[in-house]
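Using this note's numbering, you'd call the opening residue of the sequence shown number 3 and step up by one each time.
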Amino acid sequence: MVLPANVSMLAGGSIIVSKDGNTVKVNNAAVIVADVFNSNGMIHAIDSVILPALDIVETAVTNGIFKTLVTAIRAAGLEATLKGTGPFTVFAPTDAAFNKLPNGTVADLLKPENKEKLTNILKYHVIGKRVSSADINAMKLPEKVEMLGGGTVTVTKDGNSIKVNDALITKVDVTNTNGLIHVIDTVLMPVVSSAMSFYLNQVFFTIFLSGMLLSYRLYV
């Protein structure tokens, strides 16, 4: 079997069998004992329960730590794309990662008039193919990787940790029906055009000025 591979199950649906180093994985479960033969077949012991496979968006919704990301995907109109066939690899910022941004940044990006800017940022988190941690470890790092919306990220290794630009990958190879999620601790920001740079500078200046005015009112 050439891995990764989709395998049909008795009750319908399919699972994704992949390899992470020397470990065989079934969706997100690792095979810990293989080839236990029986009179009517064999058993492979795994380390977690296999639930029906979800697509990238469904996985983000059910996980609970990607609420801001899911809201942003829907606001940008990318839900149908990321529920499509793919395969995709998504570097998924957690809610805590979005909270690192200056106050008001997310709310501003979610405004309808900023849909294009939000879309560009989100596409900068997506690779248009399946790239597992094993694939990353096989790269000659540092290496630039092209993203779905154009532009590149730089993948590096710091000891046993993998970084994408300045973001640390905190969990790898969350398997989905249409690709993979790698969880990251920082939102990736694309290299922006002069117009986008002006917009972001305006946002950050407005946030800074609002904070200064609030501080002034508190102390006057």
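All residues carry an ideal CB built from backbone N, CA and C; glycine is no exception.
- Secondary structure at Lys-119: helix, using DSSP grouped into helix, strand and coil.
- Per DSSP, the unbroken beta strand (DSSP E) holding Ala-36 starts and ends at 31-40.
- DSSP places Ser-135 within a helical segment (H, G or I) once states are collapsed to three.
- With a 10 Å radius around the Cβ and a threshold of 16 neighbouring Cβ atoms, Leu-84 comes out buried.
- With a cut-off of 8 Å on Cβ pairs, the stretch 120-128 is in contact with the stretch 143-159, counting three or more such pairs.
- Under the three-pair Cβ rule at 8 Å, the stretch 40-50 does not count as touching the stretch 186-194.
- One Cα belongs to Leu-71, the other to Gly-23, and the distance between them is close to 30 Å.
- If you look at Asp-97, you'll find it in the alpha helix (DSSP H) that goes 97-101.
- With three or more CB-CB distances shorter than 8 Å, the stretch 124-138 counts as touching the stretch 82-98.
- Unbroken alpha helix (DSSP H) runs of no fewer than 4 residues, entirely contained in the stretch 66-110, are found at 69-78, 81-84, 97-101, following chain order.
- Taking C-beta atoms as the reference points, Leu-143 and Lys-159 count as a pair closer than 8 Å.
- According to the DSSP secondary-structure assignment, Lys-173 is paired through a beta bridge with Val-185.
- Rounded to the nearest whole angstrom, the C-alpha separation of Leu-12 and Val-193 is 47 Å.
- In the three-state reduction of the DSSP assignment, Thr-64 falls in the helix class.
- When secondary structure is reduced to three states using DSSP, Ile-18 falls in the strand class.
- The stretch 166-184 and the stretch 103-116 do not touch, with fewer than 3 CB-CB distances between them shorter than 8 Å.
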